[in-house]
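Here the sequence shown is numbered in the numbering used here, starting from 13 and rising by one per residue.
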Amino acid sequence: MKGVIFDSKEFTVHDGPGIRTTVFFKGCPLRCLWCHNPEGLSPEPQLMVSQNGCLHCEACRQPCSHPQCQPYGRCILACPKGLLQIAGKTVEAKELARELLKQREFFEISGGGVTLSGGEPLMQPDFLCELLDELHPVHRIVETCGYAAPEIFARILGRCDAIYLDIKHPDEEMHMRVTGKSNRLILENLHQLQDSNLPYVIRVPLIPGINDTREILEKIILLVSKNRGNLEKIDFMPYNPFAQAKYEMVDIPFLYEKPRDNDLS
Ligand code: SF4
Ligand code: SF4
Numbered sequence: 013m014k015g016v017i018f019d020s021k022e023f024t025v026h027d028g029p030g031i032r033t034t035v036f037f038k039g040c041p042l043r044c045l046w047c048h049n050p051e052g053l054s055p056e057p058q059l060m061v062s063q064n065g066c067l068h069c070e071a072c073r074q075p076c077s078h079p080q081c082q083p084y085g086r087c088i089l090a091c092p093k094g095l096l097q098i099a100g101k102t103v104e105a106k107e108l109a110r111e112l113l114k115q116r117e118f119f120e121i122s123g124g125g126v127t128l129s130g131g132e133p134l135m136q137p138d139f140l141c142e143l144l145d146e147l148h149p150v151h152r153i154v155e156t157c158g159y160a161a162p163e164i165f166a167r168i169l170g171r172c173d174a175i176y177l178d179i180k181h182p183d184e185e186m187h188m189r190v191t192g193k194s195n196r197l198i199l200e201n202l203h204q205l206q207d208s209n210l211p212y213v214i215r216v217p218l219i220p221g222i223n224d225t226r227e228i229l230e231k232i233i234l235l236v237s238k239n240r241g242n243l244e245k246i247d248f249m250p251y252n253p254f255a256q257a258k259y260e261m262v263d264i265p266f267l268y269e270k271p272r273d274n275d276l277s
C-alpha cells in the first residue's frame, strides 16, 4: 500500500513518551486558520518555493527534462540557491516501516516509538493501517484531528497503542468558522475513543482570539471529563507564530490574524 508523507523527524521528544520518530502524513480535511503545516494540507506532493534570497535569474523557469520536475512546470534542480523543493513523497508502507524499525533499539531503550501525525493520518486509512501493523510491536501513537468516519476511527483504535486527539473548539458554529468543518464527527470519535479504554491524550492548541479564554477551555475540559475513559492528560499547546513564511512558499493565503483585543468577531 502506498501513501504520501511530507516529513519524518527523528529523535522527537514532544510527540509522546521516550525518543520517537514522527512521520507526517500529507493531506488534512480541516483548514484551521492558524495551521502551522500548510504544506501538509493538500494530499498531493506540491512545489514549495522559498521567497527568501531569490536572484530572479529565471533559471527555474527554463524547460528541463528531469522527470521529477515535469508535474510542477519549474525546474527544481536549476536554482543556484536551492530555493525550490517538493513537499511530499510517495512511499510504500512496508518500506517505510522497514526504515523506521532500524531505530527500534533507541525506541526500546528510551520507552519511545513512532508517532504518526500530519496533516491528518486518517485521511490515508489503508496506508496507515498497514504501517501500524508493520510497526508492531514498536509503541505506536496516532496523532489526529479526529475528523474521520467512525468506522475508520475504529480501525485505527484497534491497531495503535495510544491516540493523541486535538480538540480545537467546543462550539460547533465556531469550530466550523475557524477550521472549515463541524466538530460533531470529532466529538463522536472522542466518545468512541473514551469507550475503547485505549490510552489517549487530548491536545488543545491555544490560539489567541479563538479559544484562549478560561470559559472555552473549561468547556473543553468538561467535554472530556464527562467520560474520561483512559485519559492520560490534556496538553495545552502554545500557538506557533512562525507559520506565515511557509504559506508564502506553498502560495496559500494566511488568513489568521492574531487579535489585539482578544476578540475575533
Ligand atoms: S532559479 Fe532560484 S534564484 Fe533563480 S528565479 Fe528561480 S527561485 Fe529565484
Ligand atoms: S488539523 Fe492540524 S494539520 Fe489540519 S488544518 Fe488543522 S492544524 Fe493544520
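For every residue, glycine included, the Cβ atom is placed at its ideal position computed from N, Cα and C.
By DSSP, does R110 sit in helix, in strand, or in coil?
-> Residue state, collapsed to three classes: helix.
Apart from the five residues just before and just after K106, which ones in its own chain have a Cβ nearer than 7 angstroms to its Cβ?
-> Cβ within range, chain order: E146.
Could you name each continuous alpha helix (DSSP H) segment of 4 residues or more that falls completely within the stretch 79-136, going from the start of the chain to the end?
-> If only complete runs of 4 or more residues are kept, the stretch 79-136 shows the alpha helix (DSSP H) at 105-113 and 116-122, in order along the chain.
With DSSP collapsed to three states, give me the class of R240.
-> If DSSP states are grouped into helix, strand and coil, R240 belongs with coil.
Cβ pair count under 8 angstroms reaching 3, the stretch 114-128 against the stretch 82-97 | Segments in contact, no.
May I ask which residues mark the beginning and end of the alpha helix (DSSP H) holding P162?
-> Element bounds for P162: P162 to L169.
Would you say L218 and Y176 are within 8 angstroms of each other, going by their C-beta atoms?
-> Taking 8 angstroms as the Cβ cut-off, L218 and Y176 do not qualify as a contacting pair.
Tell me whether K14 sits in a helix, a strand or coil according to DSSP, three-state version.
-> Note: K14 maps to strand in three-state DSSP.
At least three beta-carbon pairs within less than 8 angstroms, the stretch 104-120 to the stretch 70-85 = No, the stretch 104-120 is not in contact with the stretch 70-85.
Uninterrupted beta strand (DSSP E) stretches inside the stretch 175-229 (no shorter than 3 residues) | List check, beta strand (DSSP E) in window: 212-218.
Nearest chain C C-beta to C76 closer than 8 angstroms, yes or no?
-> No chain C is present in this structure, which holds just one protein chain.
In angstroms with no decimal places, state the Cα-to-Cα distance between C150 and L95.
-> Reading off the sequence shown, one finds Val at residue 150, where the question assumed Cys. In a straight line, the C-alpha of V150 is about 37 angstroms away from that of L95.
Cross-strand partners of F248 (DSSP beta bridge) | Its beta-bridge partners are V216.
Delimiting residues of the alpha helix (DSSP H) encompassing V260 = Looking at the sequence provided, one finds Glu at residue 260 rather than Val. Its alpha helix (DSSP H) spans residues Q256 to V262.
Alpha carbon to alpha carbon, what distance is there between M249 and A174?
-> So the alpha carbons of these two residues sit roughly 18 angstroms apart.
Neighbourhood of L3 by C-beta, 7 angstroms cutoff - its chain only, sequence neighbours within 5 removed = There is no way to answer for residue 3, as the model of the chain reaches only from 13 to 277.
Which stretch, first to last residue, makes up the beta strand (DSSP E) that contains Q151?
-> Residue identity differs from the one stated: residue 151 is His in this sequence, not Gln. Per DSSP, the continuous beta strand (DSSP E) segment holding H151 begins and ends at H151 to T156.
How many whole angstroms separate the CB atoms of Q204 and P162, which I take to be in contact at a CB cut-off of 8 angstroms?
-> About 6 angstroms; that satisfies the 8 angstroms criterion.
Indicate the three-state DSSP secondary structure (helix, strand or coil) for D19 in the structure shown.
-> D19 falls in the strand class under three-state DSSP.
Enumerate in chain order the residues of its own chain whose CB-to-CB distance from S122 is below 7 angstroms, with the five nearest sequence positions on each side excluded.
-> In its chain, beyond the 5 residues on either side, G30 and I31 have a beta carbon closer than 7 angstroms to the beta carbon of S122.
Assign L42 to one of three DSSP states: helix, strand, or coil.
-> Coil.
Within 10 angstroms of its Cβ, does G65 collect 16 or more other Cβ (buried), or is it exposed?
-> For G65, the number of other beta carbons within 10 angstroms of its own is below 16, and it is reported as exposed.
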